[in-house]
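Number of protein chains: 2
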Amino acid sequence: MSSKNVRITLQYEGSRYDGWQKQGNTDNTIQGRLEEMLSKLFEQTIEVNGSGRTDAGVHAVGQVASFHVNTVLGPGKIMDMMNRYLPKDIAVTDAEIVDARFHARLNARAKTYVYRVSTGFVRPVFERREVLYLPESLDVEAMRKAAEALVGEHDFTSFCGNRHMKKSCVRTITGITIDEVTTSLGGAEYEELRFSFTGNGFLQNMVRILVGTLLEVGEGKRKPSEMEGILAAKDRESAGTMAPAHGLTLWSVEY
Amino acid sequence: MSSKNVRITLQYEGSRYDGWQKQGNTDNTIQGRLEEMLSKLFEQTIEVNGSGRTDAGVHAVGQVASFHVNTVLGPGKIMDMMNRYLPKDIAVTDAEIVDARFHARLNARAKTYVYRVSTGFVRPVFERREVLYLPESLDVEAMRKAAEALVGEHDFTSFCGNRHMKKSCVRTITGITIDEVTTSLGGAEYEELRFSFTGNGFLQNMVRILVGTLLEVGEGKRKPSEMEGILAAKDRESAGTMAPAHGLTLWSVEY
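Read top to bottom, the protein sequences are chains A and B.
Following my numbering, the numbering of the first sequence begins with 3 at its first residue and continues without gaps.
Following my numbering, the numbering of the second sequence begins with 3 at its first residue and continues without gaps.
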């Protein structure tokens with residue numbers, strides 16, 4: 003048997019999990035479930051490295067992870083077996099054998115997160131676990147203007163949920179888009195705002211605090227011109243509230 | 003205050019309910035929840051008539067129901083209040099005041115049900131409650147041929163789940179379509195078969211038994227030519243197994 007480095011792409015509905023990162027014995031995390039299942043399956047201790055953590059309740063459609071395993075099986079068979087034993091709210095959508103040096107977190111060049119807000123008259127029933135329902139008239143242009151000020155390399159201390167963060171909070175956001183999407187189902191129309199953030203890395207809770215702050219701009223509680231001051235303050239208190247976890251999805255990871 | 007006849011359109015995810023129809027005291031049905039909530043809200047006994055029953059676990063995106071209520075409120079306000087007090091897996095998407103003689107069940111001219119089957123390599127995570135996952139290669143042309151034999155006016159006793167049905171089992175199916183739909187999410191492709199049935203009325207479990215039988219044709223276990231004999235037998239034993247509830251959605255009701 004040879005040691006293989008397996009890179010997998012994962013989807014999960016995060017609703018009932020305590021996030022990505024393993025937490026020890028009383029574990030209800032995505033990483034914990036994967037490691038437990040793989041270790042049993044292959045009868046060896048397997049450690050799974052994700053591209054990054056997702057908070058409790060956050061979803062993923064394109065999370066990437068990797069693990070080393072001694073096996074004669076190919077990637078298709080490994081993916082098959084994993085999907086057979088994983089709970090129905092986690093699925094492996096792709097698997098490949100990669101260079102032994104590949105590491106899902108260390109090699110990640112960029113990530114995209116999407117935050118969905120349903121703003122219409124009717125509450126979405128079937129997507130309620132993945133979309134924040136906020137039936138308000140939001141000023142999209144003001145939010146776009148505010149978002150522009152956040153793009154680029156900045157110290158995002160004001161948007162970091164970890165107040166004891168000792169490492170650098172400098173990150174680069176390469177793009178923020180806010181798309182207005184209208185869908186219909188059973189004759190009902192649904193209006194949705196889709197916030198998309200791409201960057202080289204995100205701090206703890208960062209996307210949710212960015213969204214919460216942008217929504218306050220959309221509601222007219224803050225002005226787009228305040229963004230520069232919020233960044234300069236390097237103080238969590240200066241930014242807005244954190245948007246709920248369930249509206250957020252890790253969309254893709256680039257290598 | 004005047005007595006109003008209110009016609010509402012409803013969406014619900016049926017997963018945690020015992021179907022549409024009220025069942026007395028230990029009630030966990032859609033109708034029961036609506037009547038309980040409306041009776042409290044308007045401080046009067048309110049009876050809700052649906053266009054028809056849906057089985058336990060079956061969903062709706064266009065269920066229609068009506069109820070009489072003494073109120074000064076208009077339809078928009080009634081809908082608003084209902085949505086405020088309904089659980090998040092039930093939503094009113096439309097409300098209007100209609101003629102006092104309108105009855106959601108008696109006046110229904112046609113109904114459309116949709117049954118969704120995901121057939122691809124990857125199990126859908128986010129739609130798993132609304133789609134049957136059956137990762138098999140199905141013969142769609144054979145299923146379409148079999149479906150043709152079911153269209154028209156027939157005695158559907160063989161497709162009725164209630165073996166003690168004493169009334170006529172003659173119904174007219176005006177159309178069955180089987181569409182192949184491909185969607186993608188996070189780089190993963192999903193293949194889906196969408197069975198759509200339109201008719202003037204459906205017997206208990208009828209759509210699920212039709213789908214179960216068509217899937218057996220798709221799997222090569224039955225031939226399309228067997229459909230005539232199954233109808234002629236007027237015997238539940240002659241048809242196929244009943245497909246699971248969670249793949250089925252009441253799509254729309256015509257008046």
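Beta carbons: idealized from backbone N, C-alpha and C, even for Gly.
Since this is a predicted model, take the numbers as computed values, not measurements.
message: Contact defined as beta carbons within less than 8 Å: I believe ASN51 (chain A) pairs with SER5 (chain A). What is the distance between those atoms, to the nearest angstrom?
response: Incorrect: roughly 15 Å between the Cβ atoms, too far for contact.
- prompt: Near ILE48 (chain B), what residues of its chain come up, given a Cβ to Cβ distance below 7 Å and the 5 sequence neighbours on each side ignored?
  reply: GLU37, LEU40, SER41, PHE69 and VAL71
message: Determine whether the beta carbon atoms of GLY59 (chain B) and HIS248 (chain B) lie at a separation below 7 Å.
response: yes
task: State the DSSP-derived secondary structure class of ALA62 (chain A), mapped to helix, strand or coil.
output: strand
- request: Taking only beta-carbon positions, decide if ASP91 (chain B) is within less than 7 Å of chain A.
  value: yes
query: Helix, strand or coil: which one does DSSP assign to LEU187 (chain A)?
result: strand
task: Can you pull the chain A residues whose beta carbon is under 9 Å from the beta carbon of TYR14 (chain B), in chain order?
output: VAL127
message: Quick test of the definition: if touching needs 3 or more C-beta pairs under 8 Å, does the region 158-174 of chain B touch the region 197-208 of chain B?
response: yes
Nearest candidate by alpha-carbon position, reference VAL142 (chain B), set B:LEU216, B:TRP253 and B:LYS169: B:LEU216
query: For ALA112 (chain B), which residues from the same chain have a beta carbon less than 8 Å from its beta carbon, with the 5 sequence-adjacent residues on both sides left out?
result: THR176, THR200, GLY201, ASN202, VAL255 and GLU256
- prompt: Would you call ASP91 (chain A) buried or exposed, if buried means 16 or more other Cβ atoms sit within 10 Å of its Cβ?
  reply: buried
- prompt: At a Cβ threshold of 7 Å, is ALA241 (chain A) touching chain B?
  reply: no
query: Which partner residues does ILE99 (chain B) have in the DSSP bridge list?
result: B:VAL8
query: Curious, which full-length alpha helix (DSSP H) runs of at least 4 residues does the region 205-235 of chain A contain?
result: 208-220 and 228-235
task: Can you give me, in chain order, the residues of the region 58-90 of chain B that have a beta carbon less than 7 Å from any beta carbon in chain A?
output: VAL63, GLY64, ASN85 and LYS90
- request: Could you list the residues in the region 116-145 of chain B with a C-beta less than 7 Å from some C-beta on chain A, going in chain order?
  value: VAL124, ARG125, VAL127, PHE128, ARG130 and GLU132
message: Within 8 Å, do at least three Cβ pairs link the region 228-239 of chain B to the region 76-94 of chain B?
response: no
- request: With a 10 Å radius around its C-beta and 16 neighbouring C-beta atoms as the bar for buried, classify GLY34 (chain A) as buried or exposed.
  value: buried
query: Hey, would you say VAL133 (chain B) sits closer than 7 Å to PRO126 (chain B), going by beta carbons?
result: yes
query: What does TRP253 (chain B) reach in chain A if we use C-beta pairs closer than 7 Å?
result: GLY188
- prompt: Which term fits GLU150 (chain B), buried or exposed, when burial requires 16 or more other beta carbons within 10 angstroms of its beta carbon?
  reply: exposed
VAL153 (chain B) - DSSP class collapsed to helix/strand/coil: coil
query: In this structure, does DSSP put THR251 (chain B) in helix, strand or coil?
result: strand
message: DSSP three-state label for LEU75 (chain B), please.
response: coil
field: Proximity test, Cβ basis, 7 Å: THR95 (chain B) and chain A
entry: yes
field: Cβ-Cβ distance between MET145 (chain A) and VAL219 (chain A) below 7 Å
entry: yes
field: C-alpha gap between LEU187 (chain B) and ILE10 (chain A), whole angstroms
entry: 15 Å
task: Please classify GLN13 (chain B): is it buried, with 16 or more other beta-carbons within 10 angstroms of its beta-carbon, or exposed?
output: buried
message: Going by DSSP, what residue range makes up the beta strand (DSSP E) through ARG118 (chain A)?
response: 112-120
- request: Keeping to the same chain, check which residues put their C-beta closer than 7 Å to that of TYR87 (chain B); ignore five residues upstream and five downstream.
  value: MET39 and LEU43
task: Kindly indicate the opening and closing residues of the alpha helix (DSSP H) around GLY34 (chain A).
output: 32-44
- prompt: What does HIS70 (chain B) pair with, by DSSP beta-bridge criteria?
  reply: B:ASN7
Same chain, Cβ closer than 7 Å to PRO77 (chain A), five either side skipped, listed in chain order: VAL8, ALA97, GLU98 and ILE99
- prompt: In or out: ARG18 (chain A) buried (at least 16 other Cβ within 10 Å) or exposed?
  reply: exposed
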